[in-house]
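Notes follow the structure.
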Ligand code: GDP
Ligand code: MG
């Protein structure tokens, strides 16, 4: 039995960096439904002994006529509905923003299972942002550094019982 993990969160928190770390050089498939922008990437992830499908929500960075909030809602809802588990990422160095709170509300209502991750927390960086994350009401935040590979064994430990 395998599962699908969606990485969600506002632009620039490090979602694609984590996606690339989990997928490595294995080919990432691009979602190319007709008429839909290539805004969800799907890949075959490997972490320890676990194999699973990972979805990266992209496409929020590009400017279009539609508001960022509208696109975030539409994209995130699609990813959440495809996923067994959502990894909701915030930037520990920035702390919790109103946009993060918007996402948290959406996930609390809609997601089956949420892992809250405070990224960019390499070394002792972002400790106050990590503490702020407790207030999102999504459980204890996982300290992560997608770029430096820190916190990956803690992520594995959280995923194992859900696999
Ligand atoms: P996305 O928009 O959420 O997909 O974010 P990206 O993965 O594109 O990353 C945005 C920026 O944050 C890039 O400049 C990354 O190099 C940087 N970044 C990602 N993860 C980390 C991390 O763990 N620590 C630090 N310091 N920077 C990171
Ligand atoms: Mg990205």
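Residue numbers (my numbering): 5 to 167. Glycine included, C-beta positions come from ideal geometry on N, C-alpha and C. In this text, all values refer to a predicted model and were calculated from it rather than measured experimentally.
Is residue 133 near ligand 1, going by C-beta to nearest heavy atom under 7 angstroms?
-> no
Within the present structure, is the beta-carbon of residue 21 separated from the nearest heavy atom of ligand 1 by less than 7 angstroms?
-> yes
DSSP-derived helix/strand/coil call for residue 2 = Nothing in the structure corresponds to residue 2, since the chain is present only between 5 and 167.
Please name the residue in 58, 17, 24 and 20 whose C-alpha comes closest to that of residue 163.
-> 58
C-beta contact flag for residue 18 and residue 150 at 8 angstroms = yes
Enumerate in chain order the residues of its own chain whose CB-to-CB distance from residue 27 is below 6 angstroms, with the five nearest sequence positions on each side excluded.
-> 47 and 49
Alpha-carbon to alpha-carbon, residue 81 and residue 109 | Taking the straight line from one Cα to the other gives about 12 angstroms.
Does ligand 1 have even one heavy atom less than 7 angstroms from the beta-carbon of residue 99?
-> no
If you count every other CB in all the chains shown that lies within 10 Å of the CB of residue 70, and 16 or more means buried, which is it?
-> exposed
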